[in-house]
Amino acid sequence: MSEFVQLDDEQITKYQTFYKKLRIDMEKAQQKLKQLQTKQEDYQVVLEYINNNQGQSQMKMNVGANTFLDVELANPKLLTLDVGMNILVELNFPEAEKIIGKQLISLEQKIEEQKKTIQSIQQYTDQVEEILLQFK
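Structural data, given as structure tokens:
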């Protein structure tokens with residue numbers, strides 16, 4: 529790495545700025561990954577509900593902070609599913625299960641892409657960090 533020894537103050541400042549931007553990008557990428565994983569978990573919970581509670585009219589509903597309420601379902605044979613862009617569709621369990629399965633496959637692909645993005649950002653961050661450590 530001796531070719532970097534000749535960097536002037538302006539170039540070092542550019543590397544420092546780039547490093548800060550990479551750290552911000554990394555944080556955003558990790559947040560996006562967490563959102564995708566949360567969405568995946570939500571879909572898996574719905575699938576579990578479909579598989580375990582078909583036709584049951586009573587269930588426990590998580591209202592936040594690990595607080596559950598006993599609720600009675602108005603129509604236990606149908607599920608309202610958000611298909612995107614705030615469009616809600618009422619489906620029976622087998623139809624909903626197919627759509628959720630496709631959503632899970634799509635989410636898995638997005639999660640893998642996001643992990644690759646994070647890995648790429650980390651590689652750039654490591655390289656810039658190595659350069660900057662030479663000038664401290």
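For the sequence shown, the working numbering assigns the number 529 to the initial residue and increments by one for each residue that follows. Don't be surprised by glycine CBs; every beta carbon is placed ideally from N, CA and C. Keep in mind that this is a model prediction, so the values were computed, not measured.
_Using 8 Å as the cut-off, can you tell me whether the segment 635–648 makes contact with the segment 548–567, which would need three or more C-beta pairs spanning the two stretches below that distance?_
yes
Next item on the list: Would you kindly work out how many angstroms separate the C-alpha atoms of Pro622 and Asn614, rounded to a whole number?
Entry: Sequence index remark: in the sequence shown, residue 622 carries index 94 (1-based). Sequence index remark: in the sequence shown, residue 614 carries index 86 (1-based). Roughly 22 Å separates the two Cα atoms.
Rounded to a whole number of angstroms, what is the C-alpha to C-alpha distance between Leu660 and Lys556? Within the sequence shown, numbered from 1, the residue matching residue 660 stands at position 132. Within the sequence shown, numbered from 1, the residue matching residue 556 stands at position 28. Their Cα atoms are separated by approximately 23 Å.
Residues in its own chain within less than 8 Å of Gly629 by CB, not counting five upstream and five downstream?
Numbered from its first residue, the sequence shown carries residue 629 at position 101. The answer, listed in chain order, is Leu575.
Cβ-Cβ distance between Leu609 and Val617 below 7 Å: Taking the first residue of the sequence shown as position 1, residue 609 is located at position 81. Taking the first residue of the sequence shown as position 1, residue 617 is located at position 89. Result yes, Cβ atoms of Leu609 and Val617 sit closer than 7 Å.
From the DSSP output, in three-state form, read off Gly629 for me.
Numbered from its first residue, the sequence shown carries residue 629 at position 101. If DSSP states are grouped into helix, strand and coil, Gly629 belongs with the helices.
Notebook entry, point to check: Does DSSP classify Asp536 as helix, strand or coil?
Noted result: Taking the sequence shown and counting its residues from 1, one reaches residue 536 at position 8. It is coil, neither helix nor strand.
**Q.** Classification of Glu593 by the beta-carbon crowding that lies within 10 angstroms, buried from 16 upward
**A.** Against the sequence shown, residue 593 aligns to sequence position 65. Before going on, a small fix: residue 593 reads as Ala here, not Glu. Label assigned to Ala593: exposed.
**Q.** Straight-line Cα distance separating Gln568 from Glu636
**A.** Translated into the one-based positions of the sequence shown, residue 636 becomes position 108. Translated into the one-based positions of the sequence shown, residue 568 becomes position 40. Going by the C-alpha atoms only, they are around 8 Å apart.
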